[in-house]
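**Student:** In my numbering, the protein residues as written are 96 to 504. The structure is given below, and queries will be raised subsequently.
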Amino acid sequence: MGELHRCRHYLGPSGILERLIHDRRVLQVACSESRPREAWRRARLLSDRARAYTEMSGGSLRGFVDWCLVQADEKGRVAETVLPEIDDDAVRILTIHGAKGLEFPITILSGLSAQTARTDSGVQLLLDLNNSIEVSIREGIQTPNFRDAQGINQRFEDAETIRLLYVAATRCRDHLVISIHRGTDVDPDKPGRPGPGRLLARSLGEVGKHAVDVDLYPTEGSLSASRGPSGRNLPDRQTWLEEHDDALHGASWPRTVSATTIATHRASQKADEDRSRPDEVGRHGTGIGRAVHGALEILDFTATDPSDIVREHAIAEGLLGDLPTINALVRAGLTADSVRQAAVTRHWRELYVAAPIDNEANSPVVEGYIDLAFLEDRGAGPGLVIVDYKTDAVVDDADRMAKARRYRL
Numbered sequence: 096m097g098e099l100h101r102c103r104h105y106l107g108p109s110g111i112l113e114r115l116i117h118d119r120r121v122l123q124v125a126c127s128e129s130r131p132r133e134a135w136r137r138a139r140l141l142s143d144r145a146r147a148y149t150e151m152s153g154g155s156l157r158g159f160v161d162w163c164l165v166q167a168d169e170k171g172r173v174a175e176t177v178l179p180e181i182d183d184d185a186v187r188i189l190t191i192h193g194a195k196g197l198e199f200p201i202t203i204l205s206g207l208s209a210q211t212a213r214t215d216s217g218v219q220l221l222l223d224l225n226n227s228i229e230v231s232i233r234e235g236i237q238t239p240n241f242r243d244a245q246g247i248n249q250r251f252e253d254a255e256t257i258r259l260l261y262v263a264a265t266r267c268r269d270h271l272v273i274s275i276h277r278g279t280d281v282d283p284d285k286p287g288r289p290g291p292g293r294l295l296a297r298s299l300g301e302v303g304k305h306a307v308d309v310d311l312y313p314t315e316g317s318l319s320a321s322r323g324p325s326g327r328n329l330p331d332r333q334t335w336l337e338e339h340d341d342a343l344h345g346a347s348w349p350r351t352v353s354a355t356t357i358a359t360h361r362a363s364q365k366a367d368e369d370r371s372r373p374d375e376v377g378r379h380g381t382g383i384g385r386a387v388h389g390a391l392e393i394l395d396f397t398a399t400d401p402s403d404i405v406r407e408h409a410i411a412e413g414l415l416g417d418l419p420t421i422n423a424l425v426r427a428g429l430t431a432d433s434v435r436q437a438a439v440t441r442h443w444r445e446l447y448v449a450a451p452i453d454n455e456a457n458s459p460v461v462e463g464y465i466d467l468a469f470l471e472d473r474g475a476g477p478g479l480v481i482v483d484y485k486t487d488a489v490v491d492d493a494d495r496m497a498k499a500r501r502y503r504l
C-alpha cells in the first residue's frame with residue numbers, strides 16, 4: 096500500500112488499477128472460479144473505464160472511486176460493449192454496431208431479405224436544402240416542398256444503410272454467409288423503402304455501370320535468394336547480459352519527475368503523521384492541503400465569503416469534519432499580502448513549469464505546477480513573484496524561516 100501511495104502521483108487511477116491486477120494475480124486467481132472468463136471481462140472493463148476516466152478528466156483516485164460508487168448504484172448502468180475472450184469457442188449474435196471493430200472467421204449476415212417498414216405515415220417534420228421546415232400531416236396535406244425534402248432525407252437514410260451493410264459484410268475473415276431468399280411479389284411502386292438486400296443489389300448495379308476495365312498481366316520473375324548469415328561475431332553471454340542490464344537500467348529511468356514525487360519520496364520514509372492530529376497517522380494533512388489548494392485555485396481573490404467553494408472541496412476530499420480548519424486556511428490565504436497584490440496585477444494560477452535536472456543529453460525533466468505567479472513592478476522593471484501555498488503549522492519565526500530555507504530554490 097505504501098508503494099502504491101507513492102506511485103499515485105504519476106500512475107493515476109488506471110495505472111494503479113492495472114498494477115493491482117498484475118501484482119495480485121487477479122486474472123490467474125480467477126481460474127479457480129467456475130466461470131473465470133466473466134471475471135476476466137469485468138477486470139478488463141474496469142481497467143478500460145479507469146483509463147478512459149483518466150484520459151477524459153485526469154481525475155484522482157478519490158474521483159474514480161466516487162465514479163465507481165455511482166456505477167454500483169442500482170440505477171447506474173455502463174453503456175459499454177464487453178468484448179469476449181478471443182479463444183471463446185462459441186457462436187455470438189451481435190448487432191452491426193456491437194460488431195464494429197471485430198472480426199470473425201465465419202460471419203452470417205441475416206436480415207437482407209426483410210422488407211423495410213413504411214416510415215412516411217403520420218406527422219413528419221423535415222428540413223430541405225435551405226434548412227426550411229417542411230411538414231406533412233397526412234397524404235394530401237403537406238407543404239409545397241415536402242416531397243423534395245422527403246426524397247433528400249430518404250437518400251441520406253439509404254446511404255447510412257449502405258454504410259452499415261458495409262460494416263456488417265466486412266466482419267468476416269474467411270467466409271461470409273448470406274441468404275438470397277426473397278419475395279418476388281414486391282411492388283416497386285408500393286409506398287415504403289426497399290429492404291437491405293434490394294438496396295444493396297441496386298447500389299452494386301450502379302457501381303458496375305461506372306466500373307473501369309483494367310488489363311491484368313501475370314507477374315513474371317523469380318524471388319530473390321535469401322541472404323546468408325551476416326558473419327558478425329556475437330558477443331559472449333556475459334557481455335550480452337551486461338549490455339542487456341545496462342539497456343534495461345537506462346530505459347527504467349523516468350523521463351519526467353514531478354517536484355511532488357521528489358518531495359514525497361523522502362517524506363514517505365517516515366510516518367505520514369497529520370500535524371493537526373498528532374495521535375492519528377493518515378492522509379488528513381495532505382487532504383486538507385488539497386482542499387485548500389483547490390479552493391484557492393478557483394476562488395476570486397476579491398471574494399468576501401468563500402464558504403460555498405470551501406465546503407465543496409472539503410466534501411470532495413472527505414473532510415467535512417475539518418471544514419472550520421480548511422475555511423480558516425483559505426481565508427488566511429485570501430488575506431495574505433502576496434495574494435492581495437496578485438489580485439490587482441497580471442497573475443497566473445496553476446502555471447505549468449518544467450526544466451532539465453542538468454545539462455546531460457538524457458537528463459530527466461523536473462515538472463510541476465506553480466500555485467500562483469504574478470508580475471511585480473520594480474524599479475528596474477517588472478519581476479516575477481512565485482507563491483507556493485503551504486498549510487504547515489509553524490511554532491515561531493525560527494521555525495518559519497527553517498521551513499522557508501527548505502523550500503527555497
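Cβ coordinates follow ideal geometry from the N, Cα and C atoms, glycine included. Here the structure is a predicted model, which is why all the values come from computation and not from measurement.
Identify the continuous alpha helix (DSSP H) that holds residue 402 and give its terminal residues.
**Tutor:** As a working note, residue 402 is residue 307 in the sequence shown. That run of the alpha helix (DSSP H) goes 402-411.
**Student:** Let's test the definition: count the other Cβ atoms within 10 Å of the Cβ of residue 144 and tell me whether it reaches 16, buried, or not, exposed.
**Tutor:** In the sequence shown, residue 144 corresponds to position 49, counting from 1. Looking at its Cβ environment, which holds 16 or more other Cβ atoms inside 10 Å, residue 144 is buried.
**Student:** Would you kindly check if the distance between the Cβ of residue 202 and the Cβ of residue 272 is under 8 Å?
**Tutor:** In the sequence shown, residue 272 corresponds to position 177, counting from 1. In the sequence shown, residue 202 corresponds to position 107, counting from 1. It is a contact, given that the beta carbons lie within the stated cut-off.
**Student:** Just tell me which of 348, 427, 244, 264 has its CA closest to the CA of residue 204.
**Tutor:** Your numbering for residue 204 matches position 109 in the sequence shown. Measuring from the Cα of residue 204, the nearest candidate turns out to be 264.
**Student:** Considering just the uninterrupted stretch of the alpha helix (DSSP H) at residue 453, what are its terminal residues?
**Tutor:** Here residue 453 refers to the residue found at position 358 of the sequence shown. Note, residue 453: premise wrong, no alpha helix (DSSP H); not H, not E.
**Student:** So within the stretch 204-270, which uninterrupted beta strand (DSSP E) runs reach at least 3 residues, ignoring any that extend past its ends?
**Tutor:** 219-222, 228-233
**Student:** Considering only C-alpha positions, which residue in the set 413, 397, 390 is nearest to residue 403?
**Tutor:** The residue you call residue 403 lines up with position 308 of the sequence shown. Closest by alpha carbon: 390.
**Student:** Pairing CB atoms from the stretch 457-473 with CB atoms from the stretch 336-354, are three or more of them under 8 Å?
**Tutor:** The stretch 457-473, when compared against the stretch 336-354, does touch it at the 8 Å Cβ threshold.
**Student:** With a cut-off of 8 Å, do at least 3 Cβ pairs link the stretch 292-300 to the stretch 247-257?
**Tutor:** yes
**Student:** What three-state label does DSSP hand residue 110 in the structure shown?
**Tutor:** The residue labelled residue 110 in the question sits at position 15 within the sequence shown. Three-state DSSP puts residue 110 in a helix.
**Student:** With distances taken from CA atoms, which of 209, 415, 98, 352 is nearest residue 449?
**Tutor:** Sequence index remark: in the sequence shown, residue 449 carries index 354 (1-based). Taking only the C-alpha atoms, the option nearest residue 449 is 352.
**Student:** State the DSSP-derived secondary structure class of residue 202, mapped to helix, strand or coil.
**Tutor:** Taking the first residue of the sequence shown as 1, we reach residue 202 at position 107. Per DSSP, reduced to three states, the secondary structure at residue 202 is strand.
**Student:** Flag this pair as touching only if the stretch 437-454 and the stretch 403-419 have three or more C-beta atom pairs under 8 Å; answer yes or no.
**Tutor:** no
**Student:** Can you find a heavy atom of the ligand NAP that lies under 7 Å from the Cβ of residue 500?
**Tutor:** Although the ligand NAP was asked about, the structure shown includes no ligands whatsoever.
**Student:** If you draw a straight line from the alpha carbon of residue 245 to that of residue 276, how long is it in whole angstroms?
**Tutor:** Your numbering for residue 245 matches position 150 in the sequence shown. Your numbering for residue 276 matches position 181 in the sequence shown. For residue 245 and residue 276, the distance between alpha carbons rounds to 30 Å.
**Student:** So, are the CB atoms of residue 387 and residue 261 less than 8 Å apart?
**Tutor:** Position 292 of the sequence shown holds residue 387. Position 166 of the sequence shown holds residue 261. Result no, Cβ atoms of residue 387 and residue 261 do not sit closer than 8 Å.
**Student:** Can residue 420 and residue 393 be called in contact, C-beta distance under 8 Å?
**Tutor:** Looking up residue 420 in the sequence shown gives position 325. Looking up residue 393 in the sequence shown gives position 298. No; because the gap between Cβ atoms is not below 8 Å, this pair is not in contact.
**Student:** Do you know how far the Cα of residue 472 is from the Cα of residue 367?
**Tutor:** Mapped onto the sequence shown, residue 367 falls at position 272. Mapped onto the sequence shown, residue 472 falls at position 377. Because the pLDDT at residue 367 is just 44, under 50, the model does not fix this residue reliably, and the point stays unresolved.
**Student:** My output table needs one value for residue 275: the three-state DSSP class, helix, strand or coil.
**Tutor:** Residue mapping note: residue 275 aligns to position 180 of the sequence shown, counting from 1. Looking at residue 275 - three-state DSSP - the assignment turns out to be coil, as it is neither helix nor strand.
**Student:** Check for me: the alpha helix (DSSP H) holding residue 383 runs from which residue to which?
**Tutor:** Sequence index remark: in the sequence shown, residue 383 carries index 288 (1-based). Element bounds for residue 383: 379-393.
**Student:** Assign residue 200 to one of two classes, buried (16 or more other C-beta atoms within 10 Å of its C-beta) or exposed (fewer than that).
**Tutor:** Counting from one through the sequence shown, the residue named residue 200 turns up at place 105. Burial call: exposed.
**Student:** So, for residue 396: in the same chain, excluding its five sequence neighbours on each side, which residues have a beta-carbon less than 8 Å away from its beta-carbon?
**Tutor:** The residue given as residue 396 occupies position 301 in the sequence shown. Here the set comprises 429, 434, 435, 437, 438.
**Student:** Does residue 477 come out as helix, strand or coil in the three-state DSSP assignment?
**Tutor:** Looking up residue 477 in the sequence shown gives position 382. Correct three-state label for residue 477: strand.
**Student:** By a C-beta neighbour count over all protein chains shown, 10 Å radius and 16 as the cutoff for buried, is residue 93 buried or exposed?
**Tutor:** There is simply no residue 93 to check, as the chain begins at 96 and stops at 504 in what is shown.
**Student:** Could you spell out where the alpha helix (DSSP H) holding residue 353 opens and where it closes?
**Tutor:** Locating residue 353 in the sequence shown gives position 258, where the first residue counts as 1. Run containing residue 353: none in the alpha helix (DSSP H); it sits in the beta strand (DSSP E), 351-353.
**Student:** So which of 163, 107, 137, 267 has the shortest CA-CA distance to residue 121?
**Tutor:** Residue numbering aside, residue 121 sits at position 26 when the sequence shown is read from its first letter. Of 163, 107, 137, 267, the residue nearest in Cα terms is 137.
**Student:** If you drop the 5 nearest sequence neighbours on each side, which residues of the same chain put their C-beta closer than 6 Å to that of residue 409?
**Tutor:** Here residue 409 is taken as the residue at index 314 of the sequence shown, counted from 1. Cβ neighbours of residue 409 beyond the five flanking positions: 386, 415, 418, 421.
**Student:** Which of the three DSSP states is assigned to residue 135 in this structure?
**Tutor:** The residue labelled residue 135 in the question sits at position 40 within the sequence shown. Judged by DSSP in its simplified three-state form, residue 135 adopts helix.
**Student:** Near residue 219, which residues of its chain fall below 6 Å by C-beta distance, leaving aside the five closest residues on each side in sequence?
**Tutor:** Looking up residue 219 in the sequence shown gives position 124. Correct list, in chain order: 231.
**Student:** When DSSP builds the beta bridges, which residues end up paired with residue 443?
**Tutor:** Position 348 of the sequence shown, counting from 1, holds the residue named residue 443. Answer is 468, bridged to residue 443.
**Student:** Taking all protein chains shown into account, decide if residue 376 is buried (16 or more other Cβ within 10 angstroms of its Cβ) or exposed.
**Tutor:** Along the sequence shown, read from residue 1 onward, the residue named residue 376 stands at position 281. In this prediction, residue 376 scores a pLDDT of 34, lower than 50, which makes its location untrustworthy; the coordinate-derived value is nonetheless stated afterwards. By the neighbour-count rule (16 or more Cβ atoms within 10 Å), residue 376 is not buried but exposed.
**Student:** What does DSSP give as the partner residue(s) for residue 462 in the beta ladder?
**Tutor:** Sequence index remark: in the sequence shown, residue 462 carries index 367 (1-based). DSSP output for residue 462 lists 353, 449 as bridge partner(s).
**Student:** So residue 465 and residue 452 are in contact, right, with Cβ under 8 Å, and what is the actual spacing, rounded?
**Tutor:** Taking the first residue of the sequence shown as position 1, residue 465 is located at position 370. Taking the first residue of the sequence shown as position 1, residue 452 is located at position 357. With a Cβ gap of about 18 Å, residue 465 and residue 452 do not count as contacting.
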